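Numbering (this note's numbering), first residue to last: 45 to 304.
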């Protein structure tokens, strides 16, 4: 039965290497600060999270080194000084507010009216911030964190103060807490759009059209990949369990024969 161990070892190596090369993603529209100034009506059901929306790391940007090597950015990073006010982009419900790994303080707002949720990372846990509960468009929810509280660490390095801002199709609880499709993922091996993420600035600028599209259940290639990997996991578990049972059965038989 030793050959089963070699088979499983090869399978583990193959699965570990699935993300060795970056994937090609559909092109997105680069965001320019000048294009966003004054484009949203005050009466619109949505707004930008900062008074000055300047993108320093674009959506789907590919990282070539470090802890995020070969991963793509699932949000837009916005330049902002520590203490800058951050606002809710639309009516909704804060479903998570607390410290989370490399995010420092993280806030998630579910927006059932558009079947999306918005993610705000690298906030300040030491300053006043909103706790879980209802929130209205334009409500102050938190402030940008300083480098010593925004998720900077030996693993992630020292981060320049900024807002990691994401918008995703579905609600937070529609997603698991691990893997590329986890609800708080900031960088992913998969194309962000294939696992439900939307380009934040384009969603806000084209809210009426994109919110209608978001009302459909997430069904991108990323979800098909998740289903495929789940199937493989179940299949390999079943095969492994059966192999182990056969091994135990053979071992008992050998023991009984040896005792006669």
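For every residue, glycine included, the Cβ atom is placed at its ideal position computed from N, Cα and C. Computed from a predicted model, the values in this text were never measured in an experiment.
Would you kindly check if the distance between the Cβ of residue j and the Cβ of residue i is under 7 Å?
i: residue 161; j: residue 212; result: yes
i: residue 72; j: residue 104; result: yes
i: residue 216; j: residue 135; result: no
i: residue 214; j: residue 240; result: yes
i: residue 131; j: residue 182; result: yes
i: residue 97; j: residue 80; result: yes
i: residue 169; j: residue 193; result: yes
i: residue 220; j: residue 118; result: no
i: residue 186; j: residue 163; result: no
i: residue 133; j: residue 178; result: no
Is it right to say residue i is buried, meaning 16 or more other beta carbons lie within 10 angstroms of its own, or is it exposed?
i: residue 207; result: buried
i: residue 91; result: buried
i: residue 230; result: buried
i: residue 127; result: exposed
i: residue 121; result: buried
i: residue 152; result: buried
i: residue 224; result: buried
i: residue 88; result: exposed
i: residue 263; result: Bear in mind that a pLDDT of 48 at residue 263, under 50, signals an unreliable position, so the number given afterwards is only what the model happens to contain. The residue in question, residue 263, is exposed, as its Cβ has fewer than 16 Cβ neighbours within 10 Å.
i: residue 202; result: exposed
i: residue 272; result: The predicted position of residue 272 is uncertain, since its pLDDT is 44 and thus under 50; a value taken from the coordinates is nonetheless stated next. Residue 272 is exposed by the Cβ-count criterion.
i: residue 184; result: exposed
i: residue 255; result: buried
i: residue 289; result: exposed
i: residue 157; result: exposed
i: residue 180; result: exposed
Go to residue i, then tell me how far its alpha helix (DSSP H) extends in each direction, as first and last residue.
i: residue 249; result: 244–249
Quick one: measure Cβ to Cβ for residue i and residue j, integer angstroms, because I've assumed they're closer than 8 Å.
i: residue 259; j: residue 137; result: Actually they do not touch by this definition, with Cβ atoms about 17 Å apart.
i: residue 149; j: residue 140; result: Wrong, their Cβ atoms sit about 10 Å apart, outside the cutoff.
i: residue 102; j: residue 66; result: Not confirmed; about 15 Å, so no contact.
i: residue 115; j: residue 232; result: 6 Å
i: residue 205; j: residue 189; result: 7 Å
i: residue 242; j: residue 83; result: Actually they do not touch by this definition, with Cβ atoms about 17 Å apart.
i: residue 99; j: residue 199; result: 25 Å between Cβ atoms; not a contact.
Between which two residues does the beta strand (DSSP E) harbouring residue i extend?
i: residue 137; result: 136–143
i: residue 162; result: 160–167
i: residue 130; result: 129–131
i: residue 121; result: 120–123
i: residue 212; result: 206–213
i: residue 186; result: 184–187
i: residue 154; result: 149–155
i: residue 179; result: 177–179
With hydrogens ignored, establish whether the beta-carbon of residue i is closer than 6 Å to any heavy atom of the ligand ZN.
i: residue 148; result: Because no ligand of any kind appears in the structure shown, any question about the ligand ZN cannot be addressed here.
Report task. Quick one: which unbroken beta strand (DSSP E) runs of 3-plus residues sit fully inside the stretch 62–110? Chain order, please. Result -> 99–101
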